[in-house]
Structures are given as C-alpha cells and as structure tokens.
Amino acid sequence: MTTRILLIDDHALVRSGIGMVVSAGLDDVEILEADSLASALLCKGAPVDLVLLDIQLEALNGLEGIAMLKQEWPEAKIVVISAIQGTLVIQEAIARGAQGFVHKSENAARILQVINQVLTNESARHQGHVQEDTLSTGQKPNLTPRQYQVLDLLCHGLSNKTIGRQLDLSEHTVRGHVQAILQILQVSSRSEAAFMARRLGLIF
C-alpha cells in the first residue's frame, strides 16, 4: 500500500531536499508538497498518512494549523519540522497533537527513523526506543535525582554553563549528566530530550 506524505514548507529547496530523502529512504511512498497551510488544505479529499509540517510558515503558522490538519485528516500522523531549538515550541506542538519532532539540522537517517517510528505507531517513543514496558506501565526512565534537576533546566533552554552555575557543578560534570540523560532516553539531541521528557511526563 502506498504511503502518502504531505510535506508543508514554504522553502522550495527544503521541500525538495526532504522529499528526496523520504523518497529514497522509504518504499512505496508518494510525496505531496505544499508551500503553506492554505495550499495544503487544497489537497482535501486526498488520503494522507503523514504530514511533515514546518512550524515557521508565513501567515498561519504550523502550530496554529495542526488542528486544521487534524480536522481534515483525522487519521494522519503529524511530525513537526523546526529550526528552532526552544523547548516551548516542542511542548506546544505536543499539546496540539503532534506525534513527532525533527530538527532541521538532523541528518537523513535520523529524519527517516522518526518518520518510520511515527508511521508504525511508535510516536510515544519516537526519537529513540525508550522501553515499551516503561510507557505501557507508566514507569519512568531510571534517572537520578541530579539528572532530573539537569533535565528540568535543560528543558528550560539553559546551557551547560548556566545549569552548572545554578546547581554548583562544573560544566564538564553537567555535560556528563546531559550525555547520560540522552543515552537513557535514547535520543540524540537536547531538543529531542525535551520532547521526550514532555511526552513521558518527566517535566511539566
């Protein structure tokens, strides 16, 4: 069965690049492109399995458009694409119903990994294989109290140096805690860690 992916980004070069990555990396896929939410909604009536949504669109932005996309394609999964590192955007995307998050700096393999996980209903543990039993039983990842402190500050967008100052730790020690957190959550970036932390209810 053909997987139909709607790619919404107002930069033609980005659409072309991501489209080529997806077409080359996934079997039996059809890419629909739109440069705005308005033009995307002109595709109404066509089945869509996944939406790749840039949240930095002109006019109506991607976050505001998630509800519109959900209304038009209730069964479609939505993966937010962003060049923004801030975790407030990630939190808002989750709250509005996004199943995945990809930073525009990610490589092709990572983008495909997230798309595959979301398409196979692994959205709650996308961006890394956090143990399924952890999610199903409500158990939380095994972080130390100090790692929870670091994660909380990381989710507020603080740098390692600033976190160190607040917790009276060296920057090197903070860096070690951050790497451990990424490994435990099985993600590859601070933005992904923040997304996963919100998903799992580790940070509010």
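Numbering (the working numbering), first residue to last: 476 to 679. We put the CB at the ideal spot given by N, CA and C, even for glycine.
Within 9 angstroms, strictly: CB atoms of residue i and residue j
| i | j | result |
| --- | --- | --- |
| residue 571 | residue 663 | no |
| residue 477 | residue 508 | no |
| residue 489 | residue 590 | no |
| residue 515 | residue 541 | no |
| residue 557 | residue 531 | yes |
| residue 678 | residue 616 | no |
| residue 672 | residue 630 | yes |
| residue 483 | residue 529 | yes |
Simplified DSSP state of residue i, which is helix, strand or coil
| i | result |
| --- | --- |
| residue 648 | helix |
| residue 626 | helix |
| residue 482 | strand |
| residue 678 | coil |
| residue 579 | coil |
| residue 554 | strand |
| residue 571 | coil |
| residue 620 | helix |
Sequence-distant residues of the same chain with beta carbon closer than 6 angstroms to residue i, five excluded per side
| i | result |
| --- | --- |
| residue 743 | Outside the modelled stretch of the chain, which goes from 476 to 679, sits residue 743, for which no answer is possible. |
| residue 523 | 479, 481, 548, 551 |
Neighbourhood of residue i by C-beta, 7 angstroms cutoff - its chain only, sequence neighbours within 5 removed
| i | result |
| --- | --- |
| residue 645 | 639 |
| residue 538 | 530, 567, 568, 571 |
Close beta carbons around residue i, own chain, < 8 angstroms, minus the five adjacent residues each side
| i | result |
| --- | --- |
| residue 621 | 642, 652 |
| residue 628 | 637, 638, 641, 642 |
Environment of residue i [buried if 16+ CB atoms lie within 10 Å]
| i | result |
| --- | --- |
| residue 520 | exposed |
| residue 578 | buried |
Near the ligand FAD: residue i beta-carbon under 8 angstroms from a heavy atom
| i | result |
| --- | --- |
| residue 668 | Ligands displayed in this structure: none; no statement on the ligand FAD is therefore possible. |
Inset, instruction - Enumerate, from N- to C-terminal direction, the unbroken alpha helix (DSSP H) stretches of 4 or more residues contained entirely within the region 496 to 543. - result: 512 to 515
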